[in-house]
Amino acid sequence: MMEQKRLGRMNMAKTSKNKKAAPKITIHEKHQFTMKVVTSSTCDVCKQQCQKGLQYLEKMSKPGALGKGVACHLTKGKVIK
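In case it helps, the UniProt record's numbering puts the sequence shown at residues 1 to 81.
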């Protein structure tokens, strides 16, 4: 019984040592940008209305339209990794 517990501990020690190395981040990925997804109400009050936002507003103004938002280039920020 004790031998089994000891062997179990050895197996656990082996698995913890075999961790995978984290993938290397390239320079391009390091300085990658993200854009927030905004709804039509945000696009409506925006001071710098872009073409993508205006198209989304037009689509959402139709009755029964469903949308998930549009990526806004004005809310661009750096990725934190």
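Positions of the beta carbon are idealized from the N, C-alpha and C atoms, including for glycine.
Model, not experiment: these values are computed from the prediction.
Chain D beta carbons: is any one of them nearer than 8 angstroms to that of Val38? The chain labelled as chain D is not found in the depicted structure, where only one protein chain is given.
Exposed or buried, what is Val37 when buried is set at 16 or more other beta-carbons lying within 10 Å of its beta-carbon? One-based indexing of the sequence shown puts residue 37 at position 37. Exposed.
Report the rounded CA-to-CA distance for Ser61 versus Lys47, giving the unit in angstroms. Counting from one through the sequence shown, the residue named residue 61 turns up at place 61. Counting from one through the sequence shown, the residue named residue 47 turns up at place 47. If you take the alpha carbons of Ser61 and Lys47, they lie about 19 angstroms apart.
Can you give me the C-alpha to C-alpha distance between Asp52 and Leu66, rounded to a whole angstrom? Indexing the sequence shown from 1 puts residue 52 at position 52. Indexing the sequence shown from 1 puts residue 66 at position 66. Going by the sequence as given, residue 52 is Lys instead of Asp. Near 16 angstroms, if we compare the C-alpha coordinates of Leu66 and Lys52.
Opening and closing residue of the alpha helix (DSSP H) in which Ser61 lies: The sequence position of residue 61 within the sequence shown is 61, counting from 1. That residue, Ser61, is in no alpha helix (DSSP H); it is neither H nor E in DSSP.
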